[in-house]
Amino acid sequence: MPSAGVPPKSRREEYADATRQALISAAGELFASQGYQQVGIEAIARSARVTRGAFYHHFADKAELFDALVGALQEQAAAKVQAAAGAAPKAKRISAGIREFLEVCCEPAYRQLVIETAPAVLGTARCREIEEAHVYGLLIDALVGPAGHNEKARANAYLAARMIGSMVCEAAQLLDNADDPVALKAEALKLVESMVGTLTPDKSRSGSARK
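In UniProt numbering, the protein residues as written are 1 to 211.
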């Protein structure tokens with residue numbers, strides 16, 4: 001239902017949105033099954049059941065479509081992480097979010113497209129922009145906490161979030177070929193949570209230490 005004061009979309013706009021989403025979905029399936037380099041625009045348009053002209057109406061080229069796909073995957077990942085963190089007790093929200101992020105990173109399509117392919121296609125700088133608009137942004141906000149307007153605290157949280165995210169992504173790639181993925185996942189989470197623990201010390205413990 002449209003928000004109050006926002007006019008409903010026209011049928012043409014709804015069709016355009018549906019076409020764009022069909023192209024992104026088709027590209028995701030084809031890139032995941034065949035690889036980014038092996039899939040052409042014609043195949044994507046055919047899979048989405050639209051014309052080549054419709055493709056170029058929405059995207060300048062395959063790389064721009066891939067950018068939109070990565071953004072969509074990161075948006076979905078952030079929604080899962082936020083839901084997991086929100087369902088956990090307040091003191092465990094960061095850990096719960098990180099655990100869910102590892103689960104997302106272990107999903108074959110996400111690992112292949114976002115972790116492995118995106119840096120080569122979009123470049124590191126663009127990948128970071130997308131990450132920080134979604135999952136990494138959530139982690140930065142969680143780590144900085146009430147000191148959100150403190151420039152130094154935010155800079156430290158940014159560095160910590162980048163390091164934690166890198167650890168989680170690397171763990172997901174190692175798990176893909178691990179002899180004992182269950183044990184490796186448990187060890188990876190222990191290491192990541194140990195790092196988080198040094199960044200978010202228990203307030204009651206630190207308070208007792210000051211007495």
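All C-beta atoms in this analysis are idealised placements derived from N, C-alpha and C, irrespective of residue type, glycine included.
Beta-carbon to beta-carbon, ALA68 and ILE24 are separated by about 6 Å, close enough to satisfy the 8 Å threshold. TYR110 and LEU73 do touch by the CB rule: their CB atoms are close to 6 Å apart, below 8 Å. Between PHE55 and ALA43, the C-beta gap is not smaller than 7 Å, which leaves the two residues out of contact. For ALA133, the three-state secondary structure derived from DSSP is coil. Within its own chain, no residue has a Cβ closer than 7 Å to the Cβ of ALA155 once the five positions on either side in sequence are excluded.
With 16 or more neighbouring CB atoms inside 10 Å of its own CB, TYR36 falls in the buried class. The residue among ALA188, PRO8, GLU151, THR51 with its C-alpha nearest the C-alpha of PHE101 is ALA188. Apart from the 5 residues on each side of it in sequence, ALA160 sits with its Cβ closer than 7 Å to the Cβ of LEU143, LEU199 in its chain, given in chain order. With distances taken between CA atoms, VAL104 lies nearest to LYS185 out of ASP17, LYS185, PRO7.
Inside the UniProt domain "HTH tetR-type" (17-77), DSSP marks whole alpha helix (DSSP H) runs of 4 or more residues at positions 41-48, 52-58, from first to last along the chain.
In the three-state scheme derived from DSSP, where H, G and I count as helix and E and B as strand, LYS9 is classed as coil. CYS105 carries a helical assignment under DSSP once its states are collapsed to helix, strand and coil. Residue environment analysis places SER95 among the buried positions, since at least 16 neighbouring C-beta atoms fall within 10 angstroms of its C-beta.
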